[in-house]
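Here is the structure we will look at, set down as structure tokens.
Protein chains: 2
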Amino acid sequence: MTPTITVSRWLDLLQSAGCRVTAPRRAIVELMVGTSRALGPIEVYDLGRTEHPGLGLVTVYRTLEKLEELGLIERVHLPDGCHRYLRTADGHQHLLLCTTCGLVQTFAGDDLDPLTGKVASDTGFAINEHWLQFFGTCPNCRKPISTLSES
Amino acid sequence: MTPTITVSRWLDLLQSAGCRVTAPRRAIVELMVGTSRALGPIEVYDLGRTEHPGLGLVTVYRTLEKLEELGLIERVHLPDGCHRYLRTADGHQHLLLCTTCGLVQTFAGDDLDPLTGKVASDTGFAINEHWLQFFGTCPNCRKPISTLSES
DNA sequence: TTGTAATTGAAAATCATTTTCAATACAAGG
DNA sequence: CCTTGTATTGAAAATGATTTTCAATTACAA
Numbered sequence: 083m084t085p086t087i088t089v090s091r092w093l094d095l096l097q098s099a100g101c102r103v104t105a106p107r108r109a110i111v112e113l114m115v116g117t118s119r120a121l122g123p124i125e126v127y128d129l130g131r132t133e134h135p136g137l138g139l140v141t142v143y144r145t146l147e148k149l150e151e152l153g154l155i156e157r158v159h160l161p162d163g164c165h166r167y168l169r170t171a172d173g174h175q176h177l178l179l180c181t182t183c184g185l186v187q188t189f190a191g192d193d194l195d196p197l198t199g200k201v202a203s204d205t206g207f208a209i210n211e212h213w214l215q216f217f218g219t220c221p222n223c224r225k226p227i228s229t230l231s232e233s
Numbered sequence: 083m084t085p086t087i088t089v090s091r092w093l094d095l096l097q098s099a100g101c102r103v104t105a106p107r108r109a110i111v112e113l114m115v116g117t118s119r120a121l122g123p124i125e126v127y128d129l130g131r132t133e134h135p136g137l138g139l140v141t142v143y144r145t146l147e148k149l150e151e152l153g154l155i156e157r158v159h160l161p162d163g164c165h166r167y168l169r170t171a172d173g174h175q176h177l178l179l180c181t182t183c184g185l186v187q188t189f190a191g192d193d194l195d196p197l198t199g200k201v202a203s204d205t206g207f208a209i210n211e212h213w214l215q216f217f218g219t220c221p222n223c224r225k226p227i228s229t230l231s232e233s
């Protein structure tokens with residue numbers, strides 16, 4: 083699905099949820115659909131104002147909250163904080179995060195179901211969620227000097 | 083190692099690091115050594131004042147910071163936040179966390195090295211850290227009414 | 001069009017965390 | 001023991017992030 087179609091789909095979903103489609107929301111949706119980096123509120127605010135100069139930080143908070151409610155974006159946890167958002171991947175995915183630029187990739191990992199079952203029966207916990215995440219430096223950020231190409 | 087001995091060891095390590103051993107620090111150390119739950123600053127503050135009534139929240143922040151520097155405690159990330167601390171486990175461990183009470187258990191998991199290597203070569207990332215965490219409800223919190231026994 | 005309720009952004013309020021600072025208390029040396 | 005220098009303490013103030021309030025604006029259904 084192309085980014086443009088995804089933007090339309092997100093805006094339709096917003097509308098179906100009883101929200102109005104406004105210029106600030108469109109700007110934020112385009113941003114979140116178009117990036118593979120985990121962005122914090124301030125980053126969304128700064129990037130969003132290039133497209134919609136009057137954008138307010140309050141609107142960023144409110145829109146991110148709404149998109150999270152709709153399951154379109156989700157919070158990403160990194161070693162240094164948990165206030166960044168990323169568009170939700172299809173199905174459950176494991177994450178690989180660049181701790182320098184925030185770039186996120188997903189990868190198909192081991193099937194954790196057997197381990198989950200074993201740990202559950204060993205401990206008596208009812209397990210209902212798991213995280214498998216790798217952290218490192220993406221190819222772009224590993225290059226010391228060479229030309230930059232944005233994702 | 084018994085809790086008492088661990089408390090002494092932590093206080094010795096603090097002293098070796100050039101810190102003085104004071105009553106507030108002793109109270110916080112005893113708390114962090116003695117619990118298997120991930121505690122946030124406010125919880126440490128409230129629990130700590132039962133033992134040292136004059137304890138200030140500022141001192142909690144400062145002491146937790148110092149214990150983290152010494153590697154005795156570390157930040158734990160949960161779906162709803164990342165501001166809780168837990169004493170560091172021996173060696174690298176995977177975590178199983180109770181989302182109701184904050185109880186943490188460690189478990190020996192799969193060896194992730196092969197997967198790490200595969201993902202690294204597939205993506206070009208330099209991977210230097212990973213998280214494997216399970217979330218759920220611990221046996222105690224699953225009991226609806228019955229008698230409570232604190233860990 | 002027009003009316004109305006949702007939405008906006010600025011300002012104020014709130015909450016967590018950090019900094020400042022004068023008073024206190026640890027611990028080394030007499 | 002006592003003295004002394006310095007690290008530490010807790011209160012208050014400062015900071016920074018997030019949330020709430022509110023009057024003006026705007027989307028969109030009729």
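Chains W and P, in that order, give the protein sequences. The numbering of the first sequence is the working numbering, which starts it at 83 and goes up by one. The numbering of the second sequence is the working numbering, which starts it at 83 and goes up by one. All C-beta atoms in this analysis are idealised placements derived from N, C-alpha and C, irrespective of residue type, glycine included.
Per-residue contacts from residue i into chain W (C-beta, under 9 Å)
i	result
P/I209	L178, F216, F217, G218, T219
P/W213	H159, P161, W213, L214, Q215, F216, F217
Proximal residues of chain W, C-beta to C-beta of residue i below 7 Å
i	result
P/T198	F216
P/D192	D192, L197
P/V186	In chain order: nothing, as chain W lies at least about 11 Å away.
P/V201	L178, F189, F216
Residues of its chain near residue i, where Cβ-Cβ distance is below 6 Å and the 5 sequence neighbours each way are ignored
i	result
W/E156	T170
W/L214	H176, G191
W/H165	G122
W/E232	Since pLDDT at W/E232 reaches only 48, below the 50 mark, its modelled position is unreliable, and the value read off the structure follows with that caveat. Same-chain partners within the cutoff: there are none.
P/T141	P106
P/F216	L178
P/G184	R119, A120
W/L146	Y167
W/K200	none
Boundaries (first-last residue) of the alpha helix (DSSP H) holding residue i
i	result
P/V186	That residue, P/V186, is in no alpha helix (DSSP H); its beta strand (DSSP E) goes 186-189.
P/C223	221-224
W/R91	85-98
W/G163	Per DSSP, W/G163 belongs to no alpha helix (DSSP H); it is in the beta strand (DSSP E), 163-169.
P/V201	195-205
P/V111	105-116
P/D172	Careful: P/D172 lies outside any alpha helix (DSSP H) and carries neither H nor E.
W/P123	123-133
W/L139	139-151
Spatial distance of residue i from residue j (CA atoms)
i	j	result
P/T182	W/P135	43 Å
P/T198	W/D193	14 Å
P/D204	W/C220	12 Å
P/I87	W/R224	45 Å
P/C101	P/G218	38 Å
P/T84	P/Y127	24 Å
W/T188	P/A109	43 Å
P/H159	P/H174	16 Å
P/K148	P/T104	14 Å
P/S118	P/V186	6 Å
W/Y143	W/G153	15 Å
P/L168	W/N210	21 Å
W/D162	P/E151	14 Å
W/L113	P/G206	25 Å
W/E125	P/P196	35 Å
P/L129	P/L139	11 Å
P/N222	P/E133	25 Å
W/P226	P/A99	36 Å
Close Cβ partners of residue i (< 7 Å) along its chain, the five nearest in sequence each way excluded
i	result
P/V111	V89, W92, L93
W/G116	P85
Nonlocal neighbours in the same chain, by C-beta distance under 8 Å from residue i, ignoring five residues either side
i	result
W/A208	A202
W/H212	L194, T198
W/R131	L137
P/Q97	V103
W/D172	none
P/L260	Within the shown structure, residues of chain P are numbered from 83 to 233, placing residue 260 of chain P beyond reach of any answer.
Chain P residues whose Cβ lies nearer than 8 Å to that of residue i
i	result
W/G206	C220, P221, R224
N-terminal and C-terminal residue of the beta strand (DSSP E) that residue i is part of
i	result
P/L179	176-180
W/V158	155-160
Proximity test, residue i beta-carbon vs the ligand ZN heavy atom, cut-off 6 Å
i	result
P/I87	In the structure shown, the ligand ZN is absent, as is every other ligand, since no ligand is present at all.
(request) Report the residues of the segment 152-163 of chain P with a CB closer than 9 Å to any CB of chain W, ordered along the chain. (result) Taking 9 Å as the Cβ-Cβ cut-off against chain W, the residues of the segment 152-163 of chain P that qualify are R157, H159, L160, P161, D162, G163.
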